[in-house]
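Chemist: Structure incoming, see below.
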DNA sequence: AACTATACAGACCCATCCGTCTATTTCAAG
DNA sequence: CTTGAAATAGACGGATGGGTCTGTATAGTT
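Protein chains in written order, with this note's numbering: chain A, 38 to 225; chain B, 38 to 225.
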């Protein structure tokens, strides 16, 4: 067996949840597409919510890895990487499988603020901001925290606008806005 | 009869959809809380989706009215009103009934991009941006379109962060970021 | 008073949901 | 070969979903 049944389930669930949402995707469909028996799912996870958590944890890992890898492959300088954030965002928004931020979508579907799913979404956003802050510090920004917060809001706003306003150019708009702030960085 | 049955339904549906989401709120609960018979609902609306559309249309009207009224009551000058956007946002985020932007939530729950619900959400975002642009023009901005887009992204980012990252200070963060751009406005 | 449109309560239908149970099969380790 | 854990297919249960149907009651109009 190449991949463990558990991995098959998590990968399939992640893909379906990202594309079609959480409540819209039923257990039966997940096990059918993963090619495993329903009982196998319930041997590995206590409930659908546990599977949702596992899928989101995997998505967080893959997304942040892929995002930072692309940013760092694009440019060498920290300041350039802050600008490249928006290029990577643009590529994502215009890719075939863009369906907004799955963590935002999860927060929209799971309304109980004390849900572990919401906690995981918040943690993902915290880690994304931390990554941007680290780039801002490396770039020698005068106020790295403020710069990171500013860029983070532009990125988050662009993701939101891309989905809700069906604006595929949202990242380009955000990049133009970011230029105003990035111009204050010390010239390398 | 004080309010028409139809209005009771739309108001109740809007309240429940905003608080608990769309798929989570069933027809039975709406008619029960609205105090009308189920057949009355289906005499006024062809389907649940039609009710969702009516509720979102009402929300769009109420929200934009309330938002612009608060902004204009706060300050007199156009430039001041651009800053006041973030104060009104802050008040909303920290109010009891904040559950994110219901149009973003709708886009998250209704994944079919060709759905009329998605079209309505996009229209709401378009109108919000148009309002900000009108303020930017009145404020005499050098590039009103660019300024409006920038502020809009900060506002949208703050709404998203407030919900997903459970960050009740997101509007304050966005206000600090906005200051950088608003300082370029001509002094009155 | 007669008529008409609207609203009523609630049973009903069919589909889907999550989760459980069972009985069978696979397959690697001792 | 034997044993035992893991996976299988699929039926099943109880709940809930959206939507339909029926028969009755209300209320405003002529």
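Note that beta-carbon positions come from the ideal geometry of N, C-alpha and C, so glycine has one too.
Answer yes or no: does any C-beta atom of chain A fall closer than 8 angstroms to that of residue 38/B?
Modeler: For this step, residue 38/B is matched to residue 1 along the second chain. Here the model assigns residue 38/B a pLDDT of 44, short of 50, so the residue's position is not dependable, and the following value carries that caveat. It does not; no Cβ of chain A falls within 8 angstroms.
Chemist: Look at the alpha carbon of residue 214/B and the alpha carbon of residue 215/A, and state the distance between them as a whole number of angstroms.
Modeler: Working through the second chain from its first residue, we reach residue 214/B at position 177. Working through the first chain from its first residue, we reach residue 215/A at position 178. Rounded to whole angstroms, residue 214/B to residue 215/A spans 11 angstroms at the Cα level.
Chemist: Assuming residue 194/B contacts residue 166/A under a Cβ cut-off of 8 angstroms, what Cβ separation, rounded to an integer in Å, is found between them?
Modeler: In the second chain, counting from the first residue as 1, residue 194/B sits at position 157. In the first chain, counting from the first residue as 1, residue 166/A sits at position 129. In fact, because the Cβ distance is near 11 angstroms, the residues do not count as touching under 8 angstroms.
Chemist: I want to see whether chain A comes within less than 8 angstroms of residue 127/B, judged by CB atoms only; does it?
Modeler: To locate residue 127/B, count along the second chain from 1; it is residue 90. Taking Cβ atoms only, chain A never reaches closer than 8 angstroms to residue 127/B, which makes this a no.
Chemist: Taking the alpha carbon of residue 102/A as the point to measure from, which residue in 204/A, 161/A, 73/A, 61/A has its own alpha carbon closest?
Modeler: Taking the first chain and counting its residues from 1, one reaches residue 102/A at position 65. Closest by alpha carbon: 161/A.
Chemist: How would you list, in chain order, the residues of chain B whose beta-carbon sits under 7 angstroms from the beta-carbon of residue 213/A?
Modeler: As a working mapping, residue 213/A is identified with position 176 in the first chain. Simply 183.
Chemist: Going along chain B in order, which residues have a C-beta closer than 9 angstroms to the C-beta of residue 210/A?
Modeler: Sequence index remark: in the first chain, residue 210/A carries index 173 (1-based). The answer, in chain order, is 183, 186, 187, 189, 190.
Chemist: Taking only three categories from DSSP, how would you classify residue 107/A?
Modeler: Start at 1 with the first residue of the first chain, and residue 107/A comes out as number 70. Residue state, collapsed to three classes: helix.
Chemist: For my contact list, residue 188/A and residue 217/A are in at a C-beta cut-off of 8 angstroms; report their separation, rounded to the angstrom.
Modeler: By 1-based counting over the first chain, the position of residue 188/A is 151. By 1-based counting over the first chain, the position of residue 217/A is 180. Not quite, the Cβ-Cβ distance comes to about 11 angstroms (not below 8 angstroms), so this is no contact.
Chemist: Against chain A, with Cβ distances strictly below 8 angstroms, would residue 201/B count as a contact?
Modeler: By one-based count along the second chain, residue 201/B stands at place 164. Taking Cβ atoms only, chain A reaches closer than 8 angstroms to residue 201/B, which makes this a yes.
Chemist: Helix, strand or coil for residue 10/A, going by three-state DSSP, please let me know.
Modeler: The requested residue 10/A is not part of the displayed model; chain A covers only 38 to 225.
Chemist: Just how far apart, CA to CA, sit residue 147/A and residue 62/A?
Modeler: As a first step, residue 147/A is located in the first chain; it is residue number 110 there, counting from the start. As a first step, residue 62/A is located in the first chain; it is residue number 25 there, counting from the start. For residue 147/A and residue 62/A, the distance between alpha carbons rounds to 14 angstroms.
Chemist: Taking its Cβ as the centre, do 16 or more other Cβ atoms sit within 10 Å of residue 132/A, making it buried, or is it exposed?
Modeler: Here residue 132/A corresponds to residue number 95 of the first chain, with the count starting at 1. When all chains shown are included, residue 132/A counts as exposed.
Chemist: Using only the alpha-carbon positions, how far apart do residue 93/A and residue 51/A sit?
Modeler: On the first chain, residue 93/A is found 56 positions in, with the first residue counted as 1. On the first chain, residue 51/A is found 14 positions in, with the first residue counted as 1. Answer to the nearest angstrom: the Cα atoms are 7 angstroms apart.
Chemist: Give a yes or no on whether the C-beta atoms belonging to residue 127/B and residue 208/B are separated by under 8 angstroms.
Modeler: Here residue 127/B refers to the residue found at position 90 when the second chain is read from its first residue. Here residue 208/B refers to the residue found at position 171 when the second chain is read from its first residue. Yes. Within cutoff.
Chemist: To the nearest angstrom, how far is it from the Cα of residue 97/B to the Cα of residue 79/B?
Modeler: Walking along the second chain from the start, residue 97/B turns up at place 60. Walking along the second chain from the start, residue 79/B turns up at place 42. Taking the straight line joining both Cα atoms gives about 23 angstroms.
Chemist: Just the Cα atoms here: how many angstroms apart are residue 163/A and residue 75/B?
Modeler: Walking along the first chain from the start, residue 163/A turns up at place 126. Walking along the second chain from the start, residue 75/B turns up at place 38. Distance between the alpha carbons of residue 163/A and residue 75/B is about 44 angstroms.
Chemist: Go to residue 159/A, then tell me how far its alpha helix (DSSP H) extends in each direction, as first and last residue.
Modeler: Taking the first residue of the first chain as position 1, residue 159/A is located at position 122. Where residue 159/A is concerned, the enclosing alpha helix (DSSP H) stretches over 153–175.
Chemist: Scan the region 59–117 of chain B and note each continuous alpha helix (DSSP H) run of 4 residues or more that stays entirely inside, going in chain order.
Modeler: 64–71, 75–81, 85–111
Chemist: Counting only C-beta atoms, is residue 141/A closer than 8 angstroms to chain B at any point?
Modeler: Within the first chain, residue 141/A is the residue found at index 104, counting from 1. By this cut-off, residue 141/A is an interface position.
Chemist: Output needed in chain order: residues of the region 44–61 of chain B with a Cβ under 8 angstroms from some Cβ in chain A.
Modeler: 56, 57, 58, 60, 61
Chemist: Give the residues from the region 78–96 of chain B that approach chain A closer than 8 angstroms (Cβ to any Cβ), ordered along the chain.
Modeler: none
Chemist: Could you confirm whether any beta carbon from chain B is found closer than 8 angstroms to the beta carbon of residue 68/A?
Modeler: For the purposes of this step, residue 68/A is identified with residue 31 of the first chain, where counting begins at 1. No, its Cβ sits nowhere closer than 8 angstroms to a Cβ of chain B.
Chemist: Just checking: is the beta-carbon of residue 148/B within a distance shorter than 8 angstroms of some beta-carbon in chain A?
Modeler: Counting from one through the second chain, the residue named residue 148/B turns up at place 111. By this cut-off, residue 148/B is an interface position.
Chemist: Between residue 111/A and residue 124/A, is the Cβ-Cβ spacing less than 8 angstroms?
Modeler: Sequence index remark: in the first chain, residue 111/A carries index 74 (1-based). Sequence index remark: in the first chain, residue 124/A carries index 87 (1-based). Yes. Within cutoff.
Chemist: Buried or exposed: residue 172/A, going by 16 or more other Cβ atoms within 10 Å of its Cβ?
Modeler: What you label residue 172/A is simply residue 135 of the first chain in a count that begins at 1. Residue 172/A comes out buried.
Chemist: Taking DSSP as the reference, what is the three-state secondary structure of residue 194/B?
Modeler: Translated into positions along the second chain, residue 194/B becomes position 157. The answer is helix: DSSP assigns residue 194/B an H, G or I state.
Chemist: Report yes if the C-beta distance between residue 150/A and residue 197/B is below 8 angstroms; otherwise report no.
Modeler: Taking the first residue of the first chain as 1, we reach residue 150/A at position 113. Taking the first residue of the second chain as 1, we reach residue 197/B at position 160. No, the Cβ-Cβ distance between residue 150/A and residue 197/B is not below 8 angstroms.
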